[in-house]
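Counting in the numbering used here, the sequence shown runs from 178 upward without gaps. Don't be surprised by glycine CBs; every beta carbon is placed ideally from N, CA and C. Keep in mind it's a predicted model, so treat the numbers as computed, not measured.
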Amino acid sequence: MSDQGFQDEPDDGDGLMGEATVWFGRMRGPEADLHKPAFEAWLARGALHRAFYNRASEIYAMGKFLKEERDGEDARSDPAHRRRAHQTLGVLAALAVIVTGLSSLWVYGPWRPVPETAAVAPQGALRLATREGQVLTQVLSDGSKVTLQPESALVVRYSRAQRTLRLERGRSRFEVAHERRPFVVLAARGSITARGTIFEVALNREEHVTVRLLQGKVDVAMPSATRTRTIKRMVMGETVSYGSAVSPQVVPPPPVSDAKRPAAETVVPDVREFAATPLGEILAVASRHRPSIRVVDDELAGLKVSGRFRLDEPDKLAAKLALLFDLAVEHAPDGEILLRRRNK
């Protein structure tokens with residue numbers, strides 16, 4: 178598959194599972210800085226590597242929470258001695274949970290590659306699919322991000338000349354990284370071409386396609402009664418629909434007064450990935466969202482954090498960080514969220 182220039186190829190589930198577990202342990206250890214270059218190289222190999230590592234972080238936090246619930250009474254009886262023992266056992270137990278969890282995620286998770294066939298996933302392609310009630314966000318090898326809504330399917334295939342994605346069903350948002358290769362989404366008998374922009378494409382069972390442009394510009398090639406396709410250059414806020422049973426339709430962007438009103442459906446979640454990044458730096462990036470989060474103890478700012486976090490939900494972010502590092506969460510009178518070490 179080297180001739181395709183695509184890094185998100187399927188890998189052996191057991192291999193990635195073991196690698197993600199090892200890297201998770203190393204990047205929480207005292208030599209995280211020493212391992213950081215090799216870790217970043219491993220993480221950059223493809224979206225599946227990032228997905229397994231991110232899930233390892235989430236599963237560790239969940240396992241740590243369950244362990245605290247189970248051992249709460251023992252910890253209160255002899256805090257100093259039992260805390261050290263339980264922390265050591267907790268890391269080992271959580272890593273065991275990661276191995277088991279990643280095995281299940283590989284078998285049942287949305288990023289598990291579909292068996293490659295000419296009709297489903299051609300050689301060198303990555304297939305993403307979601308079930309009912311499931312939303313999947315995937316960062317591709319070029320830095321572009323796709324977000325699949327429930328009951329959707331997308332096939333991704335990159336070559337040296339073009340980035341090609343086919344929406345098989347459902348709805349997806351595309352946040353396109355700018356580079357020389359065009360980014361082309363195929364849907365029914367039409368296509369959408371972009372270079373660096375954000376847009377959504379929906380495909381229903383009747384093969385009716387709706388394209389909504391949120392940022393930048395795209396060209397939509399729509400089927401027509403003649404052999405020549407109709408090309409439409411969309412502008413921000415515009416919606417275009419086409420299908421086999423209906424004539425192409427264009428809905429202009431809303432008036433300026435309406436466009437200024439924030440719409441929840443067009444908000445892009447502020448989700449970012451970090452690799453052995455100091456906690457203080459992450460909180461600085463998240464500080465543009467309110468309420469802000471601050472560490473009370475200065476030494477906590479140097480804790481190394483790896484994984485994927487949503488920064489525009491401060492309360493959930495603080496709770497997740499507290500679970501990862503055994504911290505206490507407090508709220509100041511002005512609403513600011515405080516992270517501090519738990520009382521010994």
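Q: Work out the CA separation of A453 and L325 for me, nearest whole Å.
A: So the alpha carbons of these two residues sit roughly 28 angstroms apart.
Q.
Within the continuous alpha helix (DSSP H) that includes E458, where are the two ends?
A. That run of the alpha helix (DSSP H) goes L456 to A463.
Q) Based on Cα-Cα distance, which residue from M399, E384 and E377 lies nearest to L391? A) Out of M399, E384 and E377, E377 has the C-alpha closest to the C-alpha of L391.
Q) Whose C-alpha, out of M399, R487 and P510, is nearest the C-alpha of L363? A) Taking only the C-alpha atoms, the option nearest L363 is M399.
Q) By Cβ distance below 8 angstroms, which residues in the same chain neighbour L269 in space, the five residues on each side in sequence not counted? A) Caution is warranted here: a pLDDT of 49 is assigned to L269, below 50, making its placement in the model unreliable, and the coordinate value is therefore given only provisionally. The answer is none, since no qualifying residue turns up.
Q: State the DSSP-derived secondary structure class of R227, mapped to helix, strand or coil.
A: Three-state result, R227: helix.
Q: Would you mind giving the Cβ-Cβ distance between T307 and E328, rounded to the nearest angstrom? I have them listed as a contact below 8 angstroms.
A: Indeed they touch by this definition, with Cβ atoms about 6 angstroms apart.
Q.
Tell me which residues share the same chain as I514 and place their Cβ nearer than 8 angstroms to its Cβ, disregarding the 5 neighbours each side in the sequence.
A. The beta carbon of I514 sits closer than 8 angstroms to the beta carbons of P468, S469, I470, R471, P491, D492, A495, V506, E507 and H508 from its chain, once the five residues preceding and following it are set aside; these are given in chain order.
Q: Can you say whether L193 is buried or exposed, counting buried as having 16 or more other CB atoms within 10 angstroms of its CB?
A: L193 should be labelled buried.
Q) What span of residues does the beta strand (DSSP E) with H466 cover, start to end? A) Looking at the DSSP string, H466 is not in any beta strand (DSSP E), and its letter there is neither H nor E.
Q. Expressed to the nearest angstrom, what Euclidean distance is found between the alpha-carbon atoms of M204 and P214?
A. If you take the alpha carbons of M204 and P214, they lie about 11 angstroms apart.
Q) When the Cα atoms are used, what is the spatial distance from L342 to P359? A) For L342 and P359, the distance between alpha carbons rounds to 11 angstroms.
(Q) Can you tell me whether S234 is buried or exposed? The criterion is at least 16 other CB atoms within 10 Å of its CB, across all chains shown. (A) With 16 or more other Cβ atoms within 10 Å, it is buried.
Q) With distances taken between CB atoms, is the gap from V386 to G373 smaller than 7 angstroms? A) Not in contact: V386 and G373 (Cβ atoms no closer than 7 angstroms).
Q: Look up E383 in the DSSP assignment and say whether it is helix, strand or coil.
A: Look at E383 here: in three-state DSSP terms it is coil, with no helix or strand label.
Q) Which whole-angstrom value describes the C-beta separation of A371 and G393, a residue pair presumed to lie in contact below a C-beta threshold of 8 angstroms? A) By a beta-carbon distance limit of 8 angstroms, A371 contacts G393. Their separation comes to about 7 angstroms.
Q. Cβ atoms of E352 and I369: under 7 angstroms apart, would you say?
A. Result no, Cβ atoms of I369 and E352 do not sit closer than 7 angstroms.
Q: May I have the straight-line CA-CA distance separating S401 from N381, to the nearest angstrom?
A: C-alpha separation (whole angstroms): 19 angstroms.
Q. With distances taken between CB atoms, is the gap from R487 to V462 smaller than 7 angstroms?
A. No Cβ-Cβ contact shorter than 7 angstroms links R487 with V462.
Q: Output the boundary residues of the alpha helix (DSSP H) element that contains E217.
A: That run of the alpha helix (DSSP H) goes A209 to L220.
(Q) Mapping the DSSP letters down to three states, classify P292 as helix, strand or coil. (A) The pLDDT assigned to P292 is 34, lower than 50, so where the model puts this residue is not dependable; a value taken from the coordinates is nonetheless given after this. Of the three classes helix, strand and coil, the one that applies to P292 here is coil, per DSSP.
Q: Tell me whether the beta-carbon of S318 lies closer than 7 angstroms to the beta-carbon of G206.
A: It is not a contact, given that the beta carbons lie outside the stated cut-off.
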